[in-house]
Every structure is written in structure tokens, then in C-alpha cells.
Amino acid sequence: MKVIVVSGAHSNVGKTLLSQALCKLLPGAVHIKIGHHARKPGNDDHFYYIGTGFTTIAADHEQARFLVIESNRILEKITPECVIYLSAENPKPSAEMA
């Protein structure tokens, strides 16, 4: 499985939109969102709270060809095949690792 991380300066920079678009383009891709707030209604993703280990996430989706992970903090734990950073003014502290 290949891992793509979509990260960004803060909320509302387009991370979810880009992640969903990538999943439509990549056969066998699964959209994963890692965050500290509850999952937003209507989002077609798999939500995990910050602190969930990557091995757990990967095991839950072992059939996936691609994991498209929407998160900044996951970059503290893994080195993905690709990182896409969406910039904006006044980035939040966790954006520094992206």
C-alpha cells in the first residue's frame, strides 16, 4: 500500500476536498482523516483520533492500494510516499512538521 498525506496550514484550506478528489482518481484508495474533533456529518471518510497508531490504521484498511491521509501530525510518525501541503497565511503549529 502507498501512503499519501494531505496536510495544510489550518482548517478550510481544501484538505478534505483534495483528499476526496485523489480517492476518486486512484483505484483502491481510502480517505483517512486524523483529528481531535468528532467527524463532520456527511464526510465519506474514515475518522481516527490523534494518537491512533499508523499500524492500526493500516491494518484496518489492509486491502487498500492507497491510503490518502488528511493530517499534519501523522508526519511525526511516518514517512509517506508523497506529502501534499496546502499553504495559507498564519499556519497553525502542527503545520510546521509538514
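The number in my numbering is simply the position in the sequence shown, starting from 1, with 62 added.
Note that the Cβ used here is the ideal one computed from N, Cα and C, for glycine as well.
Taking C-beta atoms under 8 Å as the contact rule, Val-145 and Val-92 fail to qualify, at a distance of about 17 Å.
In the DSSP assignment, the residues bridged to Ser-69 are Tyr-147.
With a contact defined as Cβ atoms closer than 8 Å, Met-63 and Ala-120 qualify at about 7 Å. In this structure Ile-112 touches Ile-96 by the C-beta definition: roughly 6 Å separates them, less than 8 Å.
Using a 10 angstroms sphere on the CB of Leu-137, the tally of other CB atoms reaches 16 or more, which defines it as buried. If the five residues before and after Glu-143 are omitted, its C-beta is found closer than 8 Å to the C-beta atoms of Lys-64, Val-65, Ile-66, all from its own chain and listed in chain order. Of Gln-82, Phe-116, Arg-135, Lys-139, the smallest CA-CA separation from Ala-71 is found for Arg-135.
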